[in-house]
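Structure, as C-alpha cells:
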Amino acid sequence: MQLKYKLVAFDGDETLWTLPSGLNLSDRFDNDPIGRPDFTFKKISAPGEAPVVRRDDGALFALRPETFSVVETLRSWGVLIGVISYNHLPNIESILEAFGLRPLVDYVVAEWHTGKDNMMRRMLDMARADGHDIEPKDAVLIDDDYYRLYRDQYRRLGAGFVHFGVDIADFTPILEMVRPSE
Ligand SMILES: [Mg+2]
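In this note's numbering, the protein residues as written are 7 to 188.
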C-alpha cells in the first residue's frame, strides 16, 4: 500500500477540539501569557455522543466528532498519530485521556511557544528512536494556524502542512491525502 505520509500530527485547540467556552486549553483567561499546566478534565458527554470534556474551572472542550473514525482508519494503515501543540504538556496528556483518545496517539509534543517545526523535529526523533524510518517529508501537521505561522515553517522543514479550516473543513479528506485512490 503506497502511503504519502507515515505520520499525521494534529494540533489541539481549534483543530482536534473546538472551544465552546472560548478559552484555549491551558489559558486561565483569554490571551493568558503563561497559562496553567495542571488543569484537570472530566468527560461530561454521554457514551456514544461526540466527546465533550469540562475543565475544573468549567470551561468546555468538544472533540471533533469524526476524530475517532479518521484516527482509527489511519492507524489501521500503519500511520503513526501525533499531537503537536503550543500548550502545556500535562494539559494535553490529561485532555487526550479524558476524551479516550490517548491510547490512539503515538507521540505528543506540547511546548509553550510557536516553534512547531522544532516540535515536529522532536517528534520525528522520538519515532526514529522507536525504530521508524521517517523523515520530515513523511510527516504532515494538521493545524488551524490562527496566526498563519506554520505553513512557512513546514515548507522550510520539508514536511507536509494542512491548514485546518482553510484547506479542509473536517478531518475526512485527510484519508484521501494519506492514501490517494489515484
Ligand atoms: Mg490551534
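For glycine and all other residues, C-beta sits at the position ideal for the given N, C-alpha and C. These numbers come from a predicted model, not from an experiment.
For ligand 1, any of its heavy atoms closer than 7 Å to the Cβ of residue i?
| i | result |
| --- | --- |
| G18 | yes |
| D139 | no |
| D150 | yes |
| T21 | yes |
Would you give the residue range spanned by the beta strand (DSSP E) that residue i belongs to?
| i | result |
| --- | --- |
| A68 | 66–69 |
| D131 | Taken as a continuous stretch (DSSP letters only), D131 belongs to no beta strand (DSSP E), being part of the alpha helix (DSSP H) at 122–135. |
| V168 | 166–169 |
Quick one, are the C-beta atoms of residue i and residue j less than 8 Å apart?
| i | j | result |
| --- | --- | --- |
| V114 | Y11 | no |
| V146 | V168 | yes |
| D123 | R70 | no |
| A116 | I98 | yes |
| S100 | T46 | yes |
| I148 | D19 | no |
Looking only at its own chain, which residues have a Cβ that is under 8 Å from the Cβ of residue i, when we skip the five neighbours before and after it?
| i | result |
| --- | --- |
| L181 | V76, T79, L80 |
| W118 | S32, I40, G41, Y92, N93, H94 |
Give a yes or no on whether the minimum CB-CB distance between residue i and chain D is below 8 Å.
| i | result |
| --- | --- |
| R157 | Included in the structure is just one protein chain, with no chain D present. |
Going along the chain, which residues of its own chain have a beta-carbon closer than 6 Å to the beta-carbon of residue i, five neighbours each way excluded?
| i | result |
| --- | --- |
| P43 | H94, P96 |
| S27 | A65, L66 |
Apart from the five residues just before and just after residue i, which ones in its own chain have a Cβ nearer than 7 Å to its Cβ?
| i | result |
| --- | --- |
| G106 | P57 |
Considering residue i, what are the terminal residues of the alpha helix (DSSP H) in which it resides?
| i | result |
| --- | --- |
| Y160 | 156–163 |
| F74 | 73–82 |
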